[in-house]
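Read the structure below first, then the notes.
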C-alpha cells in the first residue's frame, strides 16, 4: 500500500495557514498587552487621584486647625468641623470614605458616623507600610463594593488630635485637683500612658469585631507578599526617630472607581472585539485551508485504498470471481485463475508459472468466459441444493476446491444487484490431505493401543513357549523329524516376538533425538548388517550419496532404511537385481521447505495403485511372510521427524521409496508444504 504524501503541493498551504495562525495569536497577545497597560494606567491615575485627595484633606485639616487656633473651644469645635468637611467631600459620590486613624489604627474621625460606631481598625500590614514608607494605596472593599484607598502618615502637627489639644497651642493647665500627682509622679504617668498605648495595640485583638477582618479594609494588600512585615524595621515612633510627644496619625481616603472602570471596560470591550474579529477571520481562513487539505487527503486516501484493494484482491490466496446474471465472468483475481485453470494443459502451466508476478495476466484468461464451462456450474442454476453462506466442496483438475456463492449487495439490507453474484474459491487440497493424514493417525493410534494390549498378553506366554521349544530342540537333536519341528517352533516364536516388538513400537514410539547423521558411515553399517542377505541375492548395492549428512535420529533412521532395504531385497528378481541407496538436497520451492531426500530403489515387480494406496496401513502386506508393520513404522518415524514418505512405483517398473527430512530451522515451524499434485505425479 502506497502512503506517499505530496509535500510539494501541501507546503505553501501549510505556510499560509501557519502565517494566519501566527497573525491571530500575535493580535491576541498585543491586545492583551494593551489592555493590561491601560489597566495599569487607570490604576495609577486612581492612585494619584487618591493621593491628591488625602493631601488635600491634610491641607484642609491644617487650615481648620489654624482657623481655630485662637478659639477657646478649639477641641470641641474641631471634630464637628472635620466631620462636616468630610461629608461635603463625599457628597458627590466620587469619594466614598474619609477618615483619620490614630497610631494604633483605630478610627478617630470619619465621614460616616456609622464607621465611627463600628470602630474600624486598619490592618497591621497597612499600619506597617505607613510607619515605614509614609503612604499606602491599594484596592479594598467598602460596604461590599470595590474602592481605591490611599493613606498617608499625617504631619506631626496633627498628632495633637490624639492627645486632645489644639495644634501649635499649649492648653492652659487645669487647676490641680486634690488627687493630682506631684512633679515626681509626672514621669510615671507618661510611662503609664505609653504602656496604655501599647496595650491598646494588643487590645485590638480582644476588641469587638477584632476576630474578623475590618469592614472597610478586609484581606491583604495586593502586591505585598506575606514576608513584607518581616522585612520592615520595628514599627513605632522610637524607630522612626520622632518624639514620643507626637504620635502618628493616618489620613485615609477611599475613591469610587466606577467611572474609571467603566471607561476601562469600554476600552477593553472594543479591543477584544477588534482582536476577536481579526482572530475570527484568521480562524475562518485556517478552517477553510484545513478543510481543503483534509478533502485532498481523503481523495488521496481513497485512491490509495483503491490501489490497495486491487493489490489485495490480486494477491489474496483465495479466488474471487464476479459473475453476471447470465453466468459470465466479469472479474477475477489471479488466485481464481490458478485454481480454476490449474488442470487445463498449457494454459494451466502458464497460469501457475506466472501466478506470483503476473496475477492480472492470469485473470485475463478467465474473464469473459462463462461459469457453465466448469463442473460446478449447478450452484448458480439451483440444480445443486445449497444452504446460504455454506461452503461446498468439489474436485476439479486434481484439486479439492471449496466454493461459496453469494449475491452482490449494495448494502447490508439490499438484495443482489442485477442478479450479479460473487464466488469465493479456495484450494483445500493440502488441508484435505492433512485431514486424511489425521484420520489415519487416529486410526493407527487406536490400532496401536489395541496391539499394545494384545502384545503384552502374548509376550509373556511366548517366552515360555520358546523356552520349551528350545529345550525340545536340544533334547531331540538328531531325531528327525522331531528335531526339525522343534527348530521350526523356535523360529516361529522368534518371528512372533519380532511382530510383538513392532507392535509395541507402533503403539508407543520412542522420543526422537535428531542430530547430524553421517550418511556414508550409516551406509557402511547397513551394508554390514545385510551382508549375508546381499550375498544370498547376489546383489551389490549402489550408493549415491550426494548429500552426505541428514538431520535425523540415528537409530530411527537406521530402522527406516533397514526396513526399506529388507523389503527391496525381498522384491528383487532372482537374477539381475539392482538395489540403490541415494540422497540429495531438496528444492525448497518444490518441496515446501529445505531438507534432504533419502531414497531406496529396486527393480522388482513394482506395485499397482491399489497396493500403493494401502502400503502404509498397519498389517497390510502382499508378501507371504510379511507382517505389514514395516512401512507403517517408517511412516510413524517420518511423522516424528515432521517429514514425509513417498512411494513411486508402477507394475513391472520397480519401486522407489523416498524419505524427506526437513532441516532443523524449519522443523519447529511445522512440516514441509508438500504439493499434492506433485505427490500424485510421483505416485503414478
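In the working numbering, the protein residues as written are 1 to 684.
From the three backbone atoms N, C-alpha and C, an ideal C-beta is built for every residue, glycine too.
- A residue is called buried once 16 or more other Cβ atoms fall within 10 Å of its Cβ, and residue 270, having fewer, is exposed.
- The three-state reading of DSSP puts residue 516 in strand, counting E and B together.
- Ranking 649, 590 and 101 by CA distance to the CA of residue 608 puts 649 first.
- The alpha-carbon separation between residue 585 and residue 371 amounts to approximately 43 Å.
- Between the stretch 470–488 and the stretch 518–525, the count of C-beta pairs closer than 8 Å stays below three; the two stretches do not touch.
- Three or more beta-carbon pairs drawn from the stretch 251–266 and the stretch 87–102 are found closer than 8 Å, and the two stretches are therefore classed as touching.
- Within the same chain, Cβ atoms closer than 7 Å to the Cβ of residue 369 are found at 329, the five residues on either side in sequence being excluded.
- Under the three-state reduction of DSSP output, residue 248 falls in the coil class, being neither helix nor strand.
- Residue pairing by DSSP puts residue 407 in a beta bridge opposite 421.
- One alpha carbon belongs to residue 505, the other to residue 533, and they sit about 24 Å apart.
- By the beta-carbon neighbour count (other beta carbons within 10 angstroms, threshold 16), residue 551 is buried.
- For residue 396, the uninterrupted beta strand (DSSP E) segment begins and ends at 392–396.
- A direct Cα-to-Cα measurement between residue 664 and residue 588 gives close to 14 Å.
- Look at the stretch 551–599 and you find these whole runs of beta strand (DSSP E), each 3 residues long or longer: 579–585.
- A direct Cα-to-Cα measurement between residue 604 and residue 615 gives close to 16 Å.
- Just measuring C-alpha positions, the residue of 429, 634 and 629 sitting nearest residue 561 is 634.
- The three-state secondary structure of residue 64, taken from DSSP, is helix.
- Looking at the DSSP output, residue 332 bridges to 321.
- Between residue 602 and residue 654 a beta carbon distance of about 5 Å is seen, short of the 8 Å cut, so the two are scored as contacting.
- In this structure the stretch 16–25 does not touch the stretch 252–266; the number of beta carbon pairs closer than 8 Å is below three.
- Minimum Cα-Cα distance from residue 15 among the listed residues 448, 569, 425 and 293 corresponds to 293.
- About 12 Å separates the beta carbons of residue 600 and residue 557, which is beyond the 8 Å limit, so they are not a contact pair.
- Assignment of beta-bridge partners to residue 427 by DSSP yields 401.
- Distance from residue 105 to residue 122 at the Cβ level is roughly 3 Å; contact confirmed, criterion being Cβ atoms closer than 8 Å.
- By the Cβ criterion, the stretch 34–41 is not in contact with the stretch 112–127, since fewer than three pairs of Cβ atoms, one from each stretch, lie closer than 8 Å.
- Residue 337 is a Cβ neighbour of residue 366, given a cutoff of 8 Å.
- Counting of Cβ neighbours within 10 angstroms places residue 126 among the buried residues, the total reaching 16 or more.
- Per DSSP, residue 268 is one residue of the alpha helix (DSSP H) stretching across 258–315.
- For residue 94, no alpha helix (DSSP H) segment is defined, and its DSSP state is neither H nor E.
- For residue 548, the closest alpha carbon among the candidates 281, 572, 582 and 617 is that of 582.
- In terms of CA proximity to residue 81, 61 leads the group 93, 316, 91 and 61.
- In this model, residue 68 and residue 50 are separated by some 27 Å (Cα to Cα).
- For the pair of segments examined, the stretch 41–50 was found to touch the stretch 134–148: the number of CB pairs separated by less than 8 Å reaches three.
- With contacts defined as CB atoms closer than 8 Å, residue 662 and residue 642 qualify as a contacting pair.
- Residue burial is scored here from C-beta neighbours: residue 637 has at least 16 other C-beta atoms within 10 angstroms and is therefore classed as buried.
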